[in-house]
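Asks:
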Amino acid sequence: MFIEPINHSQQAGWIEVVCGSMFSGKTEELIRRLKRAKIANMQVGIFKPSIDIRYHAGKIVSHDDNTVNAVPIQWAKEILALAEAYEVVGIDEAQFFDAEIVHVCETLANAGKRVIVAGLDMDYMGKPFGPMPALLSIANFVTKLHAVCIKCGGIASYSFRISANTDQVVLGEKDHYEARCRNCFNT
Ligand code: ADP
Ligand code: MG
Numbered sequence: 102m103f104i105e106p107i108n109h110s111q112q113a114g115w116i117e118v119v120c121g122s123m124f125s126g127k128t129e130e131l132i133r134r135l136k137r138a139k140i141a142n143m144q145v146g147i148f149k150p151s152i153d154i155r156y157h158a159g160k161i162v163s164h165d166d167n168t169v170n171a172v173p174i175q176w177a178k179e180i181l182a183l184a185e186a187y188e189v190v191g192i193d194e195a196q197f198f199d200a201e202i203v204h205v206c207e208t209l210a211n212a213g214k215r216v217i218v219a220g221l222d223m224d225y226m227g228k229p230f231g232p233m234p235a236l237l238s239i240a241n242f243v244t245k246l247h248a249v250c251i252k253c254g255g256i257a258s259y260s261f262r263i264s265a266n267t268d269q270v271v272l273g274e275k276d277h278y279e280a281r282c283r284n285c286f287n288t
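Under this note's numbering, the letters of the sequence shown match residues 102 to 288, in that order.
1) For the region 117-128 against the region 222-241, do three or more pairs of beta-carbon atoms, one drawn from each stretch, fall closer than 8 angstroms, so that the two count as touching?
2) In this structure, how does DSSP classify residue 233 when only helix, strand and coil are distinguished?
3) Who pairs with residue 170 in a beta bridge, going by DSSP?
4) For the ligand ADP, enumerate in chain order all residues having a CB closer than 5 angstroms to any of its heavy atoms.
5) Under a Cβ-count criterion, where at least 16 other Cβ atoms within 10 Å of its own Cβ denotes burial, should residue 264 be classed as buried or exposed?
6) Could you compute how far the alpha carbon of residue 231 sits from the alpha carbon of residue 218?
7) Would you tell me roughly how many angstroms separate the C-alpha atoms of residue 179 and residue 269, rounded to the nearest one?
8) Please confirm if the region 128-148 is in contact with the region 180-189, defined as three or more CB-CB distances below 8 angstroms between the two stretches.
9) Look up residue 244 in the DSSP assignment and say whether it is helix, strand or coil.
10) Could you pull out every unbroken beta strand (DSSP E) segment of at least 3 residues lying fully inside the region 116-159, listed in chain order?
11) Checking contacts by CB at 8 angstroms: is residue 222 closer than that to chain C?
12) Output needed for residue 211: all residues of its chain with C-beta closer than 7 angstroms, excluding positions within five of it in sequence on either side, in chain order.
13) Assuming residue 206 and residue 252 make a contact with CB atoms under 8 angstroms, what is their CB distance in whole Å?
14) For residue 268, is the beta carbon positioned less than 7 angstroms from some heavy atom of the ligand MG?
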């Protein structure tokens, strides 16, 4: 279980990564942590890749329709200047960012900020997704969430693509993906 460090002011920054399959609750968990940081009167900045326009270009939205405003970003390095004034930095859908996101998160944490990153650990093939393996390695805290397998009700770690497209990035929701456990993913 992830215990939120309480007294931010007396510590250096750090990196939290929240990963898992689609529908595992990553965005919900990110929003929950960010809302609590706001309650603690922290200055909170939230960023997302501009490629992800599924619900709203300027918001992150969970599958339960929980939302917070977020700044759409094309290149990871843009976050550095934009995040300067914030004590807590939230980043959703980190798998879609370029490799520079790793250095960006480290730089922010080294500058004393709490960095909370959410993203898909695996693509629809079950392979590590973009910069996520590196982010997981450098994180100080890692939370791996699970969805409910659509086939058997088991613990789902995989995002099974039900459409025929074989590109690594196909934006979609239940129209393109099902959360599945290892067994149902492989059959
Ligand atoms: P993620 O960001 O990981 O894709 P969200 O935080 O947006 O996930 O959404 C999580 C919510 O999705 C759950 O609280 C639940 O209401 C809904 N949901 C839909 N399908 C599933 C599933 N197969 N397993 C678990 N939750 C699901
Ligand atoms: Mg999400």
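Heads up, the beta-carbon is just placed ideally off N, CA and C, and yes, glycines get one too.
Replies: This is what the structure gives:
1) Verdict: yes, contact present.
2) helix
3) Note: residue 170 sits in a beta bridge opposite 160.
4) 123, 124, 125, 126, 127, 128, 129, 163, 164, 165, 248, 249, 280
5) exposed
6) Between residue 231 and residue 218, the C-alpha separation is close to 14 angstroms.
7) Those two C-alpha atoms are separated by around 24 angstroms.
8) yes
9) In the three-state reduction of the DSSP assignment, residue 244 falls in the strand class.
10) 145-150
11) As a matter of chain content, chain C is missing from the structure shown, which is built from one protein chain.
12) 114
13) That pair is no contact at about 35 angstroms.
14) No; taking the cut-off as 7 angstroms, the Cβ of residue 268 has no heavy atom of the ligand MG nearer than that.
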